[in-house]
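Encoded as structure tokens, the structure appears first; notes follow it.
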Amino acid sequence: GENVEQHPSTLSVQEGDSAVIKCTYSDSASNYFPWYKQELGKGPQLIIDIRSNVGEKKDQRIAVTLNKTAKHFSLHITETQPEDSAVYFCAASEGNEKLTFGTGTRLTIIP
Amino acid sequence: GAGVSQTPSNKVTEKGKYVELRCDPISGHTALYWYRQSLGQGPEFLIYFQGTGAADDSGLPNDRFFAVRPEGSVSTLKIQRTERGDSAVYLCASSTGLATDTQYFGPGTRLTVL
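So the protein sequences, as listed, match chains A and B.
Using our numbering, the first residue of the first sequence is number 2, and each one after it goes up by one.
Using our numbering, the first residue of the second sequence is number 958, and each one after it goes up by one.
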């Protein structure tokens, strides 16, 4: 089955700086890669996703890159703000099926 | 519109008891997923419904866990003879059922087994 590894487990950045979180996956059949943000006591909220026919996607301050050959994808947050502090999860799936999640990155933005 | 809702938000039970957790998906979503999230971990897949049928139940840990979706909308996750190791947040998600469509998560039910 699919295995997703995520690094780092914790990340602290100064407000206004950029944050990068990286994930690798094992199953070459995976073709959908979402990123979720989870705040304390809440369910995961989708922030951006990418499908395997695209190498990069951007939405305002958030971008995701995908390297299918190397089986890794990354989340980039620019101009970080205090409200970006949360736990971020990457995930992978093959089509309309179960998501396999990484172990999460606790991002702290230092004012 | 309304998102995925889950009830109860918190459930405390004693070891050996039976519990039911409910999920109301987004209206019109044909696909429904259950995940379990232990403290400090990512969600782990339990079961996936497409309509009324379980399309994939490979994540259910043992036969104490069972889920139903009789009318293709609301789903109930049932746990028999609960154990302390079952304590976790149980998350439900739904999607339109189209390939690679977004899964929208509910707030979860925090289950504590004493």
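Cβ atoms here follow ideal geometry from the backbone N, Cα and C, with glycine treated the same way.
As the structure is a prediction and not an experimental result, all values here were calculated from the model.
Chain A contact residues for residue i, given Cβ-Cβ distances below 8 angstroms
i, result
"B/T1059", "P35, L47, D50"
"B/G1016", "K99"
Alpha carbon of residue i to alpha carbon of residue j, nearest angstrom
i, j, result
"A/S27", "B/G1065", "28 angstroms"
"A/A64", "A/G56", "11 angstroms"
"B/R1067", "B/V976", "12 angstroms"
"A/F74", "A/L67", "4 angstroms"
"B/D1058", "A/E80", "29 angstroms"
"B/I1036", "B/R1021", "6 angstroms"
"A/D60", "A/L108", "19 angstroms"
"A/G44", "B/R979", "15 angstroms"
"A/Q54", "A/K69", "A quick correction: the sequence has Asn, not Gln, at residue 54 of chain A. C-alpha separation (whole angstroms): 9 angstroms."
"B/G985", "A/Q15", "42 angstroms"
"B/S1032", "B/I983", "12 angstroms"
"B/I1004", "B/S995", "16 angstroms"
"B/V1070", "B/K972", "6 angstroms"
Neighbouring residues, chain A, relative to residue i (Cβ below 7 angstroms)
i, result
"B/L1048", "G44"
"B/Y1005", "E98, K99"
"B/D1013", "E98, K99"
"B/Y975", "Ordered by position in chain A, no residue passes the 7 angstroms Cβ test against B/Y975, which lies about 24 angstroms from the chain."
"B/P1064", "K43, G44"
Burial state of residue i (16 or more Cβ within 10 Å)
i, result
"B/V969", "exposed"
"A/A71", "exposed"
"B/A988", "buried"
"B/D1043", "buried"
"A/I111", "exposed"
"A/A30", "exposed"
"B/T1039", "buried"
"A/R62", "exposed"
"B/P1027", "exposed"
"A/D18", "exposed"
"A/T11", "exposed"
Integer Cβ distance of residue i from residue j, believed to fall under 8 angstroms
i, j, result
"A/A92", "A/F102", "5 angstroms"
"A/N32", "A/E95", "6 angstroms"
"A/K38", "A/Q46", "5 angstroms"
"B/Y992", "B/F1002", "6 angstroms"
"A/T106", "A/Y89", "5 angstroms"
Partner residues on chain B for residue i, Cβ-Cβ distance less than 9 angstroms
i, result
"A/F90", "G999, P1000"
Chain B contact residues for residue i, given Cβ-Cβ distances below 7 angstroms
i, result
"A/G104", "Contrary to the premise, residue 104 of chain A reads as Thr rather than Gly in this sequence. Within 7 angstroms Cβ-Cβ: Q998, G999."
*beta strand (DSSP E) segments (min. 3 residues) lying fully within the region 1024 to 1067 of chain B*: 1032 to 1036, 1045 to 1052
*Could you give the uninterrupted runs of the alpha helix (DSSP H) lying entirely in the region 59 to 90 of chain A, keeping only those of 4 residues or more?*
none
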